[in-house]
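First up is the structure itself, then whatever we jot down about it.
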Amino acid sequence: MTIVHALEGRYLRVAVKGDLDLKTAIPLREALDKLTDRYRDRHLLLDLTEVGFVDSSGLGVILGRHRRLMAQGRTISLSGVRPSVKAVLELAGIDSIINITHIAEGSETRRNRPQTKTST
Amino acid sequence: MNRVQLRFLSQADNVGLARLMAAGLAGQGNFTLPDIEEIKVAVSEAVSNAIIHGYDNRPDGWVEVVMELDAQGLTVVVEDWGVGIEDVAQAREPAFSDDPERLGLGFVFMESFMHGLEVASTFGKGTRVRMRRLITEISHDAQ
Ligand SMILES: Nc1ncnc2c1ncn2[C@@H]1O[C@H](COP(=O)(O)OP(=O)(O)OP(=O)(O)O)[C@@H](O)[C@H]1O
Ligand SMILES: [Mg+2]
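Keeping their order, the protein sequence lines are chains A and B.
1318 is the number of the first residue of the first sequence in our numbering; add one for each residue after it.
2 is the number of the first residue of the second sequence in our numbering; add one for each residue after it.
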């Protein structure tokens, strides 16, 4: 698992690459807590574009960060959620607690499409 | 019919190994890619439980995974010789966990993503989880 972070306005964007399971749960939790402690005025945006697998150990980290940040008046949102990961989040009911931007089925490249505005 | 058996120590690295084996074997059958993703989650949950709960995160316990593919589906058996479960019915309840940091969703995922789950456990002796996923649709790119 690797992690890349960037500051984007009011958000701390953390892009994760790899599987979120028993092996990566503790390193992910520690990395996210360290980053969110460092940037105390930002909300967390977890970019899961490069995450192909999440199980209950990974969900535990995500929900744990949600609770921790909520207690500080901050939010966590997920972006780049793949269909396979989406199924797991939905079954856990996490999609009703945390704001999620999905990747549409079979169109994983669409995420980078620029917003086009038509003026009349 | 095909059958594979994997025996490994109770270490977190091996959860991914078990998932890979499951995906590889399921790929030999007429499962769709979303089917295989769900099978991977179920296997990951059972193996993680063996490591986390069965062996209390000790790295020196044996976990055995046996998988059998037939024309109708895939059977997965995950066994550990760890602490065992005192009350299986309670353990299988959604959101039940002996660890406040955990969500208690492992059995929920196994139940939802597979077509049948049996949990046999002897307190103090170990746990055996058997689950089966049926092939529900014929995928067109299958040989
Ligand atoms: N192999 C096992 N050996 C001993 N106890 C187990 C085993 N598998 C499950 N259990 C018990 O059953 C409970 C429920 O398991 P389940 O996988 O549903 O939730 P969890 O592992 O606690 O949390 P999560 O899977 O969401 O991380 C566990 O908390 C544990 O007490
Ligand atoms: Mg579990």
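Glycine residues also receive a C-beta, built at the ideal position from the N, C-alpha and C atoms.
task = Say whether chain B places a C-beta atom closer than 8 Å to the C-beta of A/V1405.
result = yes
ask   = If you measure beta-carbon to beta-carbon, which residues of the segment 1327-1340 of chain A are closer than 8 Å to chain B?
value = Cβ contacts with chain B: D1336, D1338, L1339 and K1340.
ask   = Which value, in whole angstroms, describes the spacing of the CA atoms of B/R103 and B/M132?
value = 22 Å
inquiry  = Which complete alpha helix (DSSP H) runs does the segment 82-139 of chain B hold, if anything under 4 residues is left out?
reply    = 89-93 and 107-114
task = Indicate whether the contact test is met: 3 or more Cβ pairs, each with one atom in the segment 1407-1418 of chain A and one in the segment 18-38 of chain B, closer than 8 Å.
result = no
request  = Rounded to whole angstroms, what's the CA-CA distance from B/W63 to A/Q1389? Just pull it up for me.
outcome  = 42 Å
task = Give me the Cα-Cα distance between B/G55 and A/D1354, rounded to the nearest whole angstrom.
result = 34 Å
key: CB contact below 8 Å: B/R103 versus chain A   = It does: the Cβ of B/R103 has a partner Cβ on chain A nearer than 8 Å.
request  = Can you grab the Cα-Cα spacing for the pair B/D99 / B/G85, in whole Å?
outcome  = 13 Å
message = Quick check on A/S1401 - is its C-beta less than 8 Å from some C-beta in chain B?
response = yes
query = What did DSSP end up calling A/T1366 once you bin it into helix, strand or coil?
reply = strand
task = Determine the DSSP secondary structure at A/S1436, reduced to helix, strand or coil.
result = Because A/S1436 sits at a pLDDT of 43, beneath the cut-off of 50, its placement in the model cannot be relied upon, and the point is left open.
query = What's the C-alpha gap between A/R1459 and A/S1396?
reply = Because chain A is modelled from 1318 through 1437, residue 1459 of chain A falls outside the range shown and cannot be assessed.
Through-space distance from A/H1322 to B/F114, alpha-carbon basis = The alpha-carbon of B/F114 is positioned some 33 Å away from that of A/H1322.
key: Whole-angstrom distance between A/G1335 and B/F110, CA atom to CA atom   = 20 Å
ask   = Is it right to say B/A126 is buried, meaning 16 or more other beta carbons lie within 10 angstroms of its own, or is it exposed?
value = For the sequence presented, residue 126 of chain B should be read as Lys rather than Ala. Result: exposed.
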